[in-house]
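First residue of the sequence shown? That's 125 in this note's numbering, and the numbers climb one at a time after it.
Glycine included, C-beta positions come from ideal geometry on N, C-alpha and C.
Written out below as structure tokens is the structure these notes cover.
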Amino acid sequence: MNNSFVQLIVNAAESHADKQAMRIVGVEGTEYTFGEMLDGIRSVAYRLEKEGIAFGERVALIGENHPRWAIAYFGILYRGAVCVPVDPHGEIQTISNFFENSEAKMAFVGEDFINHFHQVEENLGRKIPAVVLQDIESANGFQMFSDWAGTPRPTDFDSLTPPAKPEDMAVLIYTSGTTGTPKGVPLTHGNIYYETQGCQEVMNISENEVVLSVLPLFHVFAQVINLWVIASIAATVCYIKELAPAELTRAFETKEITLLTGVPRIWYLFHKKIFDGVAAQSFVVRWLFDKLLKFNFFMRKTFNVNLGRKLFKKVHDGFGGNLAITISAGSRFDEKIAEDYYALGYTMIQGYGLTETCGAVASTRFENSSVGSVGTAVNYAEIKLGELNDEGAGEVLIRGKMVFSGYYKNPEATKDAFTADGWFKSGDLGKIDANGDLFIVGRSKDVIVLPNGKNIHPEDLEVHYSKTPYVEEICVLGVKDETSNLAGAEKLIAIAVPDFAYLKQNNVANSREMIRHELDTLGRSLPEYQRVRDYVVRSEPLPRTATRKIKRFQLQKEIAENGFDTKGSPDKKQWIFTDQDNHMLESNVGQALVKAIKQNVKDVEKIHPQMSLEIDLGLDSLSRAEVFAFLEQAFNIEFDTDKAANALTVGEVIKITQEQTGGADAEVVSQDFNWGDIVRNAEADKNLPEIQTILNKPAFLDWIVYAGFKFFKLLFKIFLRLEVSGLEGLKQIKRPFLICPNHQSFFDPFVVT
Numbered sequence: 125m126n127n128s129f130v131q132l133i134v135n136a137a138e139s140h141a142d143k144q145a146m147r148i149v150g151v152e153g154t155e156y157t158f159g160e161m162l163d164g165i166r167s168v169a170y171r172l173e174k175e176g177i178a179f180g181e182r183v184a185l186i187g188e189n190h191p192r193w194a195i196a197y198f199g200i201l202y203r204g205a206v207c208v209p210v211d212p213h214g215e216i217q218t219i220s221n222f223f224e225n226s227e228a229k230m231a232f233v234g235e236d237f238i239n240h241f242h243q244v245e246e247n248l249g250r251k252i253p254a255v256v257l258q259d260i261e262s263a264n265g266f267q268m269f270s271d272w273a274g275t276p277r278p279t280d281f282d283s284l285t286p287p288a289k290p291e292d293m294a295v296l297i298y299t300s301g302t303t304g305t306p307k308g309v310p311l312t313h314g315n316i317y318y319e320t321q322g323c324q325e326v327m328n329i330s331e332n333e334v335v336l337s338v339l340p341l342f343h344v345f346a347q348v349i350n351l352w353v354i355a356s357i358a359a360t361v362c363y364i365k366e367l368a369p370a371e372l373t374r375a376f377e378t379k380e381i382t383l384l385t386g387v388p389r390i391w392y393l394f395h396k397k398i399f400d401g402v403a404a405q406s407f408v409v410r411w412l413f414d415k416l417l418k419f420n421f422f423m424r425k426t427f428n429v430n431l432g433r434k435l436f437k438k439v440h441d442g443f444g445g446n447l448a449i450t451i452s453a454g455s456r457f458d459e460k461i462a463e464d465y466y467a468l469g470y471t472m473i474q475g476y477g478l479t480e481t482c483g484a485v486a487s488t489r490f491e492n493s494s495v496g497s498v499g500t501a502v503n504y505a506e507i508k509l510g511e512l513n514d515e516g517a518g519e520v521l522i523r524g525k526m527v528f529s530g531y532y533k534n535p536e537a538t539k540d541a542f543t544a545d546g547w548f549k550s551g552d553l554g555k556i557d558a559n560g561d562l563f564i565v566g567r568s569k570d571v572i573v574l575p576n577g578k579n580i581h582p583e584d585l586e587v588h589y590s591k592t593p594y595v596e597e598i599c600v601l602g603v604k605d606e607t608s609n610l611a612g613a614e615k616l617i618a619i620a621v622p623d624f625a626y627l628k629q630n631n632v633a634n635s636r637e638m639i640r641h642e643l644d645t646l647g648r649s650l651p652e653y654q655r656v657r658d659y660v661v662r663s664e665p666l667p668r669t670a671t672r673k674i675k676r677f678q679l680q681k682e683i684a685e686n687g688f689d690t691k692g693s694p695d696k697k698q699w700i701f702t703d704q705d706n707h708m709l710e711s712n713v714g715q716a717l718v719k720a721i722k723q724n725v726k727d728v729e730k731i732h733p734q735m736s737l738e739i740d741l742g743l744d745s746l747s748r749a750e751v752f753a754f755l756e757q758a759f760n761i762e763f764d765t766d767k768a769a770n771a772l773t774v775g776e777v778i779k780i781t782q783e784q785t786g787g788a789d790a791e792v793v794s795q796d797f798n799w800g801d802i803v804r805n806a807e808a809d810k811n812l813p814e815i816q817t818i819l820n821k822p823a824f825l826d827w828i829v830y831a832g833f834k835f836f837k838l839l840f841k842i843f844l845r846l847e848v849s850g851l852e853g854l855k856q857i858k859r860p861f862l863i864c865p866n867h868q869s870f871f872d873p874f875v876v877t
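Here it is as structure tokens:
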């Protein structure tokens, strides 16, 4: 039997020629039947041969998910050439390194990445023949995919068996290459064949399934299910224009989706949306939801009865109502979140594998989905653990027919990747229970070793600290502890990205203080050594790989180079000013706001309407108050408290100010601003009812308050040995003045007063 995998695709397509194979949801003209798909694959393969692409030569594929991407991919494999799928959003130098290392002879390029491709050509110093996946008006030297897919073929071409053998390379996937020698993973036709068979024997996916493909196809995990398995059984796959909430909703509203694959990060986002929605409901609804969740979990575990679709109909309807198969892989899945999905009525199939293993080598089963584990080895794969550490975990070692033979042109990396007896070293730490289920506990490279010898798995802490709804993303790192005398000592820090929508919804203006409070509160339920000691708040999303894994090394490098200042981050937003932005800032209100900000922020180079007052400009609660007070005095207005709290960006502040003043050309009444004048004139200000209440209180209350605080002072001196110094400095300050202590405990107000 020719285990080249391509024949599986041919057989499935020929026997289901009139069935829909793939489409982009909501985009007309992107539908392909299996007959049309196979016709395009064969034409691309024939054209590659005629254009001089020899057997085994590399062809790059750069673009977003699209039916034509899949046809080009299979066409390259049908020819016997090697497909090099590339992240279209990767750095130009990295993509250039991949092209140079692979010696790609030509490329298929998405329309949106033509400029990227030209820059790659400039870096390489040579022209590369290319085909544009989408038809465009101006070819600019590119060939059109529609011409390739419509190329006439000799009548006997279709009857020929695809030439590749199991041992021939099919795909070359790069896992790194920004600096140094790129690590290319060559996967053979045999690797793909056995991976496809092994996964299908576990999941037994029906040809009637409709799969929603949201993960980027250049990554192996997306290829396993959304390309290899689905095409080999003639199931239907749906793509979306972009990974955005509106497009996901559009896809689910078709009510056709029955299978969805995703990395843990995607499932976590769905989980957060579901449970944040519940948290916003009344106490009765929250209580009932919690009880039903526990009830269905008990029924499934005890009696194998799943009532989730009935008890949580609204949740299931949110996924279209017919989603039956949910698959997660790519990184470790949090056990608590897995239990929540299980209780909601979903059976989350969790797979485990790497690019080097051609995808999954372990998986849970429908009939025995051990919550929190990644299951047992699939057929054609073997798994064992290396030497166990003190916690009973060891490195996961793998061998089997889907495991690659070594990195492309990189013998040193290959030598380091295998044990002496041929087992691939995954770099993951795992445990195997009595039932043979594998549990991934972390990455050996990510483990943080504290001075006390404790091992910290950051993924565990990230899941714990992500429980706060005020944080959208969080990363826990170990960084050098400057306060320790121990060589190489590290401390735990968190890098958090606020959930700005939730902050605005709850009228929270100072996200730094709220996040610090939330992290401190959550930390109290952890052992002392697992608590984060410091934190960074940034507005940019955390840098991630294609499978949504956090790029920890990049973040650690940023912290090492810039400290806790994120201005030097390569992910820092590049502010582009439109005519509308400039008009907003040049208005009287805009100019007044810019002046107020510059009085409170040092070294601010430019101010953009989309900048966050707190995260991008660094305004704390006091300086924020000064900015709003400046505007109130400048335009003789008074802000609504809720509106002011909800204004998180420069543009939003300008907007609410213009609403108060009646337009962008509001006249500046006064730009003289002084806290002393405000406090000094407070007594006469009838617009400050809170001040009037304090100043106009009955005189006898002064004596009662005075006596009370004298009593507290005596208690503090006797029992807490209170000592006060520096009072003489207050006598030199002209009254009235504000006292702004750094509040640390509940006793502080009594002591200061």
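Burial state of residue i (16 or more Cβ within 10 Å)
{"i": "H641", "result": "exposed"}
{"i": "W411", "result": "exposed"}
{"i": "W547", "result": "buried"}
{"i": "K397", "result": "exposed"}
{"i": "P582", "result": "buried"}
{"i": "F129", "result": "buried"}
{"i": "K178", "result": "Reading off the sequence, residue 178 comes out as Ala, not Lys. Counting Cβ neighbours within 10 Å, A178 comes out exposed, since fewer than 16 surround it."}
{"i": "V439", "result": "buried"}
{"i": "R250", "result": "exposed"}
{"i": "W827", "result": "exposed"}
{"i": "Y653", "result": "exposed"}
{"i": "Y298", "result": "buried"}
{"i": "E682", "result": "buried"}
Best match in the options for proximity to residue i [C-alpha to C-alpha]
{"i": "F269", "options": "A196, I252 and E215", "result": "A196"}
{"i": "V151", "options": "D282, Y298 and A375", "result": "A375"}
{"i": "F237", "options": "E215, G249 and R676", "result": "E215"}
{"i": "Q243", "options": "F223, Y594 and L854", "result": "F223"}
{"i": "I329", "options": "F345, E319, I349 and F179", "result": "I349"}
{"i": "I731", "options": "Q757, K508 and I778", "result": "I778"}
{"i": "T157", "options": "R668, F528 and A145", "result": "A145"}
{"i": "A453", "options": "A517, N513, T385 and M735", "result": "T385"}
{"i": "D142", "options": "A359, V183, D703 and T488", "result": "A359"}
{"i": "D561", "options": "A486, P306, E511 and I461", "result": "A486"}
Cα-Cα separation between residue i and residue j, rounded to whole angstroms
{"i": "T645", "j": "H588", "result": "11 angstroms"}
{"i": "I739", "j": "D766", "result": "20 angstroms"}
{"i": "N135", "j": "I219", "result": "35 angstroms"}
{"i": "D441", "j": "L435", "result": "12 angstroms"}
{"i": "G445", "j": "T382", "result": "9 angstroms"}
{"i": "A273", "j": "D259", "result": "12 angstroms"}
{"i": "V326", "j": "A618", "result": "38 angstroms"}
{"i": "V210", "j": "L431", "result": "43 angstroms"}
{"i": "T785", "j": "F759", "result": "7 angstroms"}
{"i": "V748", "j": "A768", "result": "In the sequence under discussion, the amino acid at residue 748 is Arg, which differs from the Val named in the question. Whole-angstrom Cα-Cα distance: 10 angstroms."}
{"i": "T302", "j": "V409", "result": "Caution applies to T302, whose pLDDT of 48 falls short of 50 and renders its modelled position unreliable; the model cannot decide the point."}
{"i": "V402", "j": "L650", "result": "25 angstroms"}
{"i": "A346", "j": "L746", "result": "49 angstroms"}
{"i": "N332", "j": "H140", "result": "12 angstroms"}
{"i": "S635", "j": "T669", "result": "27 angstroms"}
{"i": "C599", "j": "E614", "result": "15 angstroms"}
Close Cβ partners of residue i (< 7 angstroms) along its chain, the five nearest in sequence each way excluded
{"i": "V755", "result": "The sequence shown places Leu at residue 755, not Val. Only A716, L717, A720 and T781 meet the Cβ criterion."}
{"i": "T538", "result": "G530 and Y531"}
Neighbourhood of residue i by C-beta distance below 8 angstroms, restricted to the same chain and skipping five residues each side
{"i": "L943", "result": "Residue 943 lies beyond the range of the chain shown here (125 to 877); nothing can be said about it."}
{"i": "P253", "result": "E175, K229, M230, A231 and Q267"}
{"i": "M423", "result": "V429, N430 and L431"}
Meets three-Cβ-pair contact criterion under 8 angstroms: the region 283-298 and the region 492-512
Three or more Cβ pairs closer than 8 angstroms define a contact, and the region 283-298 falls short of that threshold against the region 492-512.
Kindly confirm or deny that the region 719-732 and the region 591-609 touch, where touching means at least three C-beta pairs closer than 8 angstroms.
No: the two stretches stay apart, fewer than three of their Cβ pairs being nearer than 8 angstroms.
Decide if the region 154-170 is in contact with the region 389-403; the criterion is three or more beta carbon pairs, one per stretch, under 8 angstroms apart.
Contact between the region 154-170 and the region 389-403 is absent, because fewer than three Cβ pairs lie under 8 angstroms.
Would you check if there are 3 or more beta carbon pairs closer than 8 angstroms linking the region 350-365 to the region 187-200?
Touching, yes.
How about the region 276-289 and the region 455-467: do they share at least three Cβ pairs that are nearer than 8 angstroms?
Fewer than three beta-carbon pairs drawn from the region 276-289 and the region 455-467 are found closer than 8 angstroms, and the two stretches are therefore not classed as touching.
Does the structure place the region 305-316 close enough to the region 479-486 that three or more beta carbon pairs sit under 8 angstroms?
With the cut-off at 8 angstroms, the region 479-486 and the region 305-316 touch.
Would you say the region 552-568 touches the region 333-353, given that touching needs at least three Cβ pairs under 8 angstroms?
The region 552-568, when compared against the region 333-353, does not touch it at the 8 angstroms Cβ threshold.
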